[in-house]
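**Student:**
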Amino acid sequence: MKIGLIGDLEGEVDAAVDCLRLLGERGDVDVACQLGDLRLGYGPDPEGYLDTIESLCADYGIELQCITGNHENWDLLDALWAEARWQDADGTLRPIAVRDHISMLPRGFRWELGGRSFIALGSAPSVNRGLLTEGVDWWPTEVLREEHVQATIAGGHAEVMLTHDSPDRPYCTAPVADIMAGNPMGWPDDVLAYAADGIDKVTRAVLGVRPRLLAHGHFHVAGEADVRLPSADHDTTIWSLAARRDPGNVRVLDLDTLTDAAENATA
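Those letters in the sequence shown? Residues 1 to 267, per full-length UniProt numbering, in order.
1. Give me, in chain order, the residues of the same chain whose beta-carbon lies closer than 8 Å to that of Arg252; leave out the 5 immediate sequence neighbours on both sides.
2. For Asp71, collect the residues of the same chain with a Cβ closer than 6 Å to its Cβ; drop the 5 residues on either side in sequence, then sort them by chain order.
3. Leaving out five residues on either side along the sequence, give the residues of the same chain with a beta carbon under 7 Å from the beta carbon of Val13.
4. Could you check the C-alpha separation between residue 307 and Leu144 for me, to the nearest Å?
5. Which residues in the same chain as Val176 place their Cβ atom closer than 7 Å to its Cβ, once the five residues preceding and following it in sequence are excluded?
6. Thinking C-alpha only, which one of Val17, Ser231 and Pro211 is nearest Leu121?
7. Assess, as a yes-or-no matter, whether the region 178-193 is touched by the region 82-98 under the definition of 3 or more beta carbon pairs within less than 8 Å.
8. Nearest CA to the CA of Ile102: which residue from Met161, Asp226, Asp168 and Glu63?
9. Contact check, Glu54 vs Asp100 under 8 Å by CB: the rounded distance?
10. Nearest to Ala97 by CA position, among Trp81, Trp111 and Arg107, is which residue?
11. Please report the residue range of the alpha helix (DSSP H) in which Met180 lies.
12. When the distance is taken between beta carbons, is Gly7 closer than 8 Å to Ala242?
13. Does the distance from the CB of Arg245 to the CB of Asp59 come in under 8 Å?
14. Between Val191 and the rest of its own chain, which residues show a CB-CB distance below 6 Å, the 5 nearest in sequence each way excluded?
15. If you drop the 5 nearest sequence neighbours on each side, which residues of the same chain put their C-beta closer than 8 Å to that of Asp197?
16. Whole angstroms are fine: how far does the CA of Leu213 sit from the CA of His234?
17. Looking only at its chain, what residues have a beta carbon closer than 7 Å to the beta carbon of Gly61, apart from the 5 residues adjacent to it on each side?
18. To the nearest angstrom, report how far apart Gly69 and Ser123 are at their CA atoms.
Structural data, given as structure tokens:
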């Protein structure tokens, strides 16, 4: 089985269309996982944006499973996950079906595809929150909480882990490490501390899961690395995906081999 992986779309209709067409025209992808910053529930036409994505997914027979990014309407997500229909009997959150072919996966959600175990751990701190307006395009519940980290660690190993944020150095790709080390946007210390807290949380979760493959977005750069996590008896392949329509914004994961079936497809 092959699945698509799509980087941050940031609410851009053309980027979503290009990515889904690239995957759909292959003819062998029935499931695609979008790695956060779909920008659910806000922007100039949030319903029309989802309708366009849904139409393409229906045309190509693709189920789009989206992990949560920082750039989502978290008031909307929190309200939906408070409803009984999106919870199991024990209160565990279930995926939200926002359209027939599009779902939002809760933080820490586990499932299986093609005989492989998966875990989704979305969320990240918005480094640009000072430029945003709370309740309009920024919501404080965007971040991972300690309870998410502990529940993820307690759940143990999964073969494939999908996150929005990246684990810290040395467990990240070289382009991501350069951004972490260099602060190219010149963010002030308080913003860097906010970002570092999110990176620390996702790193601890990754070390607890010890996946064979981890794919993430958020940094908007394409890269690949093979690392050995502490206490692991196997290497972990890390993929960072680019964003929007940039090269490296789409990859095709062969679940039989956990390798790229498309060698860095670009929409």
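Just so it is clear, CB atoms sit at the ideal spot from N, CA and C, and this is done for glycine as well.
The model shown is predicted, which means the values in this text are computed figures rather than measured ones.
**Tutor:** The answer reads as follows:
1. First, the amino acid is wrong: residue 252 is Val here, not Arg. If we look at Val252 and ignore the five residues flanking it on each side, its Cβ neighbours are Lys2, Ile3, Gly4, Leu5, Leu23, Arg26, Val29, Asp260, Ala261, Ala262 and Ala265.
2. It should be pointed out that residue 71 corresponds to His in this sequence rather than to Asp. Correct list, in chain order: Asp37 and Arg39.
3. Tyr49 and Thr52
4. Residue 307 lies beyond the residue range present for the chain, which begins at 1 and ends at 267; the question has no answer from this structure.
5. Beyond the five residues adjoining it in sequence on each side, Val176 comes within less than 7 Å, by CB distance, of Ser166, Phe219, Val221, Gly223 and Ser240 in the same chain, given in chain order.
6. Pro211
7. no
8. For the options Met161, Asp226, Asp168 and Glu63, the alpha carbon positioned closest to that of Ile102 is the one of Glu63.
9. 7 Å
10. Trp81
11. Here the alpha helix (DSSP H) through Met180 covers Ala174 to Gly182.
12. yes
13. Against a cut-off of 8 Å, the Cβ pair of Asp59 and Arg245 comes out as no contact.
14. Val127
15. Pro125 and Val143
16. 10 Å
17. Asp30
18. 5 Å
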